[in-house]
Amino acid sequence: MSQIDYLNAMGISTWVVKDEDLASNRELTHGSAPTSMQQVGNHESSMWTFVVDELTDTGNILFDKILASLMLSCATVQVVSSSKVQIEGVKGQVVVAMGATLGKTLLGLSEPFNELRGAVHSLEQSGNEVPVVLTYHPDHLLKNPLDKIKTWQDLILARSLV
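Heads up: the sequence shown is residues 936 to 1097, going by the numbering used here.
And the structure:
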């Protein structure tokens, strides 16, 4: 008897993945954020843009879990690296900037990161203002787990803007 036969005998429904490419559906390379304005997923219809610096392997896993907590995936959001951000390349209705230096890099603000996070900022883009929420980088969260609470608050703030 096969495993499926045993499960059926116990009354447990079995599910079979029809598309073998589901696991490779993600264009973001494991271990780092995009190094240029590489787009991930269907960014044209994406409501979210995440600006994030390079990630370690464990940081990448945490980033995936952060997206999952918002019921998102790399296939449904735009992910860009902060080192190559061009304002015209940001397609989302809300931008989540992950990292302490992004207040200065993206927005040109000089205030300390702790004063900038937890608030909505705006990014001028083609005559429109796009809301930006600054939060902690996933690698920072691995070293400072207590900051996950603040990051969750920032993500709830960003979600309220969509």
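We put the CB at the ideal spot given by N, CA and C, even for glycine.
Assigned exposure category for L1073 - 16 Cβ within 10 Å defines buried
Position 138 of the sequence shown, counted from the first residue, corresponds to residue 1073. Per the sequence presented here, residue 1073 reads as Pro, with Leu not at that position. Result: buried.
Can the beta-carbon of L1069 be found less than 9 angstroms from the beta-carbon of D1082?
As a working note, residue 1069 is residue 134 in the sequence shown. As a working note, residue 1082 is residue 147 in the sequence shown. Contact: no.
Distance, Cα to Cα, T970 vs L990?
Here the question's residue 970 lines up with position 35 in the sequence shown. Here the question's residue 990 lines up with position 55 in the sequence shown. With a pLDDT of 39 at T970, under the threshold of 50, the modelled position of that residue is not reliable, and the figure given next carries that caveat. When rounded, the distance between both Cα atoms is 11 angstroms.
Thinking just about the alpha-carbon of each residue, which of A1010, N995 and A944 is nearest to the one in T984?
On the sequence shown, residue 984 is found 49 positions in, with the first residue counted as 1. Here the closest residue by C-alpha is A1010.
Run through DSSP, which three-state label would N1049 get?
The residue you call residue 1049 lines up with position 114 of the sequence shown. Three-state result, N1049: helix.
Helix, strand or coil for S1004 per DSSP?
Residue numbering aside, residue 1004 sits at position 69 when the sequence shown is read from its first letter. Helix at S1004.
Please confirm whether any heavy atom of the ligand MG lies closer than 8 angstroms to the CB of A1093.
In the structure shown, the ligand MG is absent, as is every other ligand, since no ligand is present at all.
Cβ-Cβ separation, Q1013 to S981 (assumed contact under 8 angstroms), whole Å
For this step, residue 981 is matched to residue 46 along the sequence shown. For this step, residue 1013 is matched to residue 78 along the sequence shown. Contact holds; Cβ gap of about 5 angstroms.
For N1063, the three-state DSSP class (helix, strand or coil):
Counting from 1 along the sequence shown, the entry for residue 1063 is found at position 128. The answer is strand: DSSP assigns N1063 an E or B state.
Residue burial classification, M1033 (beta-carbon count within 10 angstroms, cutoff 16):
Translated into the one-based positions of the sequence shown, residue 1033 becomes position 98. The residue in question, M1033, is buried, as its Cβ has 16 or more Cβ neighbours within 10 Å.
What is the DSSP secondary structure of T1040, reduced to helix, strand or coil?
On the sequence shown, position 105 is the one that residue 1040 refers to. Reduced to three states, the DSSP call for T1040 is helix.
Cα-Cα separation, L1077 to A944
Within the sequence shown, the letter at position 142 stands for residue 1077. Within the sequence shown, the letter at position 9 stands for residue 944. Rounded to whole angstroms, L1077 to A944 spans 44 angstroms at the Cα level.
Determine the closest residue to L1037 out of V1067, N1063 and Q1060, with distance taken between C-alpha atoms.
As a first step, residue 1037 must be located in the sequence shown, where it is residue number 102. Nearest C-alpha to L1037: V1067.
Quick one: using the 10 Å Cβ neighbour count with 16 as the cut-off for buried, is A1054 buried or exposed?
Your numbering for residue 1054 matches position 119 in the sequence shown. When all chains shown are included, A1054 counts as exposed.
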